[in-house]
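Numbering (the numbering used here), first residue to last: 653 to 1330. Notes follow the structure.
Below you can see the structure in the form of C-alpha cells.
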C-alpha cells in the first residue's frame, strides 16, 4: 500500500518550508548553469547491459540454490527462527525496515537507539539549560546548534570509552524555533540566535558499556561551538582583490561559516566541512557572477542584511566571495582558528572526502549540489607527515593549500540517437563509459596558475563554476556526496535528482534514468586509471538507479529487484568496515519518510540494498556513520512541513507532545551487543 506525504512541494519532493530555509528555494528557480556544456544524459552511453542482465540471472540462480534470497518484511517483523539477524551480505544481515510514515526513528528488529544530543543542549561551561521560550544568542553560542548534518567520530586518546563527535549545523528553521515568528520582520535577537545556531559543533561523547548508548559529556575541555561570527582564515590562493572587503582589506580572514552540509575526515586527524547553499543569506545582488551562484536580486529570506551590512551585496560586493569553500577544523585544539581552503574552489560544496595518493598526497572529492552542475577533485602537491608534534601538525594543516583543482568530464560509447528515454538498450548493450579530470588551476607556495583560457587563477578559485563552464565539464543531476571506498578505491557519486530533466529546453531523460524526469536520483561508480587517486582518467559504470524496484527503469547493480528495498533521492554516503555503501536520502518521492540504506558493492550480492532505518515526519537523514557496533545518523529538520510552526508542529519528535521539535543525533546498536549486520 502506497502512502502519500502531506504538504509536499510537487516540484521537487521537499516541503516548501525546506526549500525556503535550506536552499533559498533553489529548485523553483531557473538553474544557474546556462552554459552549453553537455548534460550527463547526453554523454552517458548506457542502458542495462547484457553483462548486467546475465550477472543478475546468475545471482538469482545462486541465491535460489543457496536459499539466500532476501525478503523485505514489515519494520517490526522478527527474523525467522534460525536466522536471528536476517540474511544478506556481511554487514547487511538485518531484517529491512519497511517504508513508513511513522513520526519516529524506526530501526530493525533486534536493534535499539538513543538520542545522543539535541539542538540546544548545553555543551560549553556556563551555558544554561535549553529553554525554548527564553532563547538568547549568548545561550545558543554555548549550546548544540541547529539542524545537525555531517557527523564525524574521532578517537580520544587517554579517555577510555570516549570519542570526539563533530557535527555540522547547516541552517535554521526560524518558524520552528521561535513562537510567533514574523518572517517579514525578524528581531535582532532572533537573527543573532540564528547566527549562533549555524556553524559547527564539537562535543565529547561517552559510551555506555551496558547498553551501547552514546551520551553527551557536557563542559568537556574539547567541546566547542563555531558559529556565523567565529573568525576564520582564508588560506591557499587568498588575498586577492576579489576577497577584500571594508572589514577585511587583507582578503584573508572572514567571520563565520554558513550552510555546512556534508564533509569528511582527514588522515591527519581533522574534519572537513562543505559550505553549500551560502547564496541564500545574501541580498541585493546584480552581477552575472552572482546569478551563476544563485544569489538573489532582492531581500533574503532571513533578512540578515538589515542587521549586518556584509550580507547586502550592494554594500559589500565581495562578501559572498568569502563563502562556498571547504572548511577545515582541528577538533583537538579548541583555540585553533578554522580555515577555509580557497584552493579547493568556490561552489556549493555538498561535502569533501579525502584519500591519499600512493606517495601520501591528499586528494579531495567534492560535488556541487545544483541541477546541471559539476563534480570536482583536488590533488595536493605536498605529502602528509606522520607523527604528533606541533611542526607535523602545522605542516599537515597546510596540505590543502597547494595542488591542482580538477573538474570532471564524462564521455560515453553509444550514439546519442540510441537513447530514446524509454530505457531501451543501445546497440552495444553497454552500461559504462570513460571520463577525464580537466585541470582548472594550480596553487603553489609562490603563487597560482590558471589552466582556463581567459581566466586568471584568482578568478578560477573564486568563480569555479564559470571555470567549469569554460572547459566543458559534464552537467550532472545535483552531485552531492562523493566517497572513495576504502577497501577497493572505487569512487561513488550520489546524484540526488533533477526534476527539470525533459522540461522545456532542458535535456530529456537518459539511459541512466530512463524517465522523463529524474525525481529519484542515481549513484555512479568511478574507477580511476590504475586505481590511482592522482590519475586524470577514469572509467564509470551505473551502480544504482533509484526508485520503486517495480519500475522497470530502476537498477540495482544487476541484483534481483524483487529482493531490494525501494529508495529515492540518494544524498550522503558512507562505508562500513565491510566495504558496503550506506546511503542516506533527502526528499523521498515514494510516499514514505527518508531513511538510511546499506548496499553491497562487491561479490555475488553486489547491488543488494536494504533499508536500515527511517526518520520522523518532515526530517532528512544526514551524516551517516557506520562503525562495527554502532550506526549514527543526524536527524535534520524534523517537522519541516508546509504550514508547521512552533504553535502548530507537524512532528513531536524527539521528546513527545507538548515539547518543541528538535533536530538531534541518534545512535543505533544491536541489542545483543554484537556487530552491526553480521
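Where a beta carbon is used, it is the ideal one built from N, C-alpha and C, also for glycine. In this text, all values refer to a predicted model and were calculated from it rather than measured experimentally.
Within the continuous alpha helix (DSSP H) that includes residue 842, where are the two ends?
Residues 840–849.
Report back the beta-carbon spacing between residue 1058 and residue 1091 to the nearest angstrom; my notes put them in contact at under 8 Å.
The pair is a contact, with the Cβ atoms about 6 Å apart (cut-off 8 Å).
Quick one: which unbroken beta strand (DSSP E) runs of 3-plus residues sit fully inside the region 1239–1315? Chain order, please.
As far as the region 1239–1315 is concerned, its whole beta strand (DSSP E) runs of at least 3 residues are 1247–1251, 1261–1266, 1272–1278, 1283–1288.
With a cut-off of 8 Å, do at least 3 Cβ pairs link the region 863–871 to the region 891–910?
Not touching, per the Cβ criterion.
Can you grab the Cα-Cα spacing for the pair residue 1045 / residue 926, in whole Å?
Taking the straight line from one Cα to the other gives about 22 Å.
In the DSSP output, what is residue 807 paired with across the bridge?
According to DSSP, residue 807 bridges with 815.
Which class does residue 1046 belong to by DSSP, given the choice of helix, strand or coil?
Helix at residue 1046.
Looking only at its chain, what residues have a beta carbon closer than 8 Å to the beta carbon of residue 990, apart from the 5 residues adjacent to it on each side?
Cβ neighbours of residue 990 beyond the five flanking positions: 852, 878, 882, 884, 885, 909, 979, 980, 981, 982.
Sort 1310, 1245, 1289, 1324 by Cα distance to residue 753 and report the nearest one.
When only C-alpha atoms are compared, the closest one is 1245.
Going by other Cβ atoms of all chains shown within 10 Å of its Cβ, with 16 needed for buried, is residue 1172 buried or exposed?
The residue is buried, with at least 16 neighbouring Cβ atoms inside 10 Å.
Beta-carbon within less than 7 Å of residue 974's beta-carbon, same chain only, minus the 5 sequence neighbours each way: which residues are those?
The residues are 886, 895, 906.
So, for residue 811: in the same chain, excluding its five sequence neighbours on each side, which residues have a beta-carbon less than 8 Å away from its beta-carbon?
Excluding positions up to five away in sequence, the list reads 856.
Residue 791 by DSSP, collapsed to three states: which one?
Looking at residue 791 - three-state DSSP - the assignment turns out to be helix.
Are there 16 or more other CB atoms within 10 angstroms of the CB of residue 1133, so buried, or fewer, so exposed?
With 16 or more Cβ atoms within 10 Å of its Cβ, residue 1133 is classed as buried.
Which term fits residue 863, buried or exposed, when burial requires 16 or more other beta carbons within 10 angstroms of its beta carbon?
Classification for residue 863: exposed.
How would you call residue 831, buried or exposed, if buried means at least 16 neighbouring beta carbons within 10 angstroms?
With fewer than 16 Cβ atoms within 10 Å of its Cβ, residue 831 is classed as exposed.
Just to confirm, are residue 967 and residue 676 a CB contact at a threshold of 8 Å?
Going by C-beta atoms, residue 967 is not nearer than 8 Å to residue 676.
So is the beta-carbon of residue 930 under 7 Å away from any non-hydrogen atom of the ligand SAH?
Absence of the ligand SAH is noted for the structure shown, with no ligands found whatsoever.
Assuming residue 1243 and residue 1262 are in contact, meaning their beta carbons sit under 8 Å apart, how far apart are those beta carbons, in whole angstroms?
Wrong, their Cβ atoms sit about 19 Å apart, outside the cutoff.
For residue 1118, write down the residues that DSSP places opposite it in a beta bridge.
Answer by DSSP bridge pairing: none, since residue 1118 is not bridged.
Leaving out five residues before and five after residue 1056 in sequence, what residues of the same chain have Cβ atoms less than 6 Å from its Cβ?
If we look at residue 1056 and ignore the five residues flanking it on each side, its Cβ neighbours are 1031, 1091, 1094.
What would DSSP say about residue 1320, mapped onto helix, strand or coil?
It is a strand residue.
Name the DSSP bridge partner or partners of residue 821?
Residue 821 pairs with 800, 851.
Evaluate contact between the region 996–1005 and the region 1133–1152, counting only Cβ atoms and requiring at least three cross-stretch pairs below 8 Å.
A contact exists between the region 996–1005 and the region 1133–1152.
Please identify the residue among 809, 828, 1029, 803 whose C-alpha is closest to the C-alpha of residue 818.
The candidate whose alpha carbon is nearest that of residue 818 is 803.
Can at least three beta-carbon pairs, one atom from the region 1279–1289 and one from the region 770–788, be found at a separation below 8 Å?
Because the criterion of three Cβ pairs below 8 Å is not met, the region 1279–1289 and the region 770–788 do not touch.
Considering only the beta carbon of each residue, do residue 846 and residue 1319 sit closer than 8 Å?
No, Cβ-Cβ distance for residue 846 and residue 1319 is not below 8 Å.
What's the call for residue 1025, buried or exposed, on a 16-neighbour Cβ count within 10 Å?
By the neighbour-count rule (16 or more Cβ atoms within 10 Å), residue 1025 is buried.
According to DSSP, residue 1150 sits in a beta bridge with which residue or residues?
DSSP lists 1170 as partners of residue 1150.
I need the DSSP call for residue 895, collapsed to helix, strand or coil.
Residue 895 falls in the helix class under three-state DSSP.
Consult DSSP for residue 1061 and reduce its assignment to one of helix, strand or coil.
DSSP places residue 1061 in strand when its eight states are reduced to three.
Under the three-state reduction of DSSP, which class applies to residue 763: helix, strand or coil?
Strand.
How far does the beta strand (DSSP E) with residue 1096 in it reach, from first residue to last?
1084–1096 is the extent of the beta strand (DSSP E) around residue 1096.
To which residues does DSSP link residue 1192 through a beta bridge?
Looking at the DSSP assignment, residue 1192 forms a beta bridge with 1085, 1178.
For residue 770, list the residues DSSP reports as bridge partners.
Beta-bridge pairing links residue 770 to 1316.
In the DSSP output, what is residue 1234 paired with across the bridge?
Answer is 1226, 1250.
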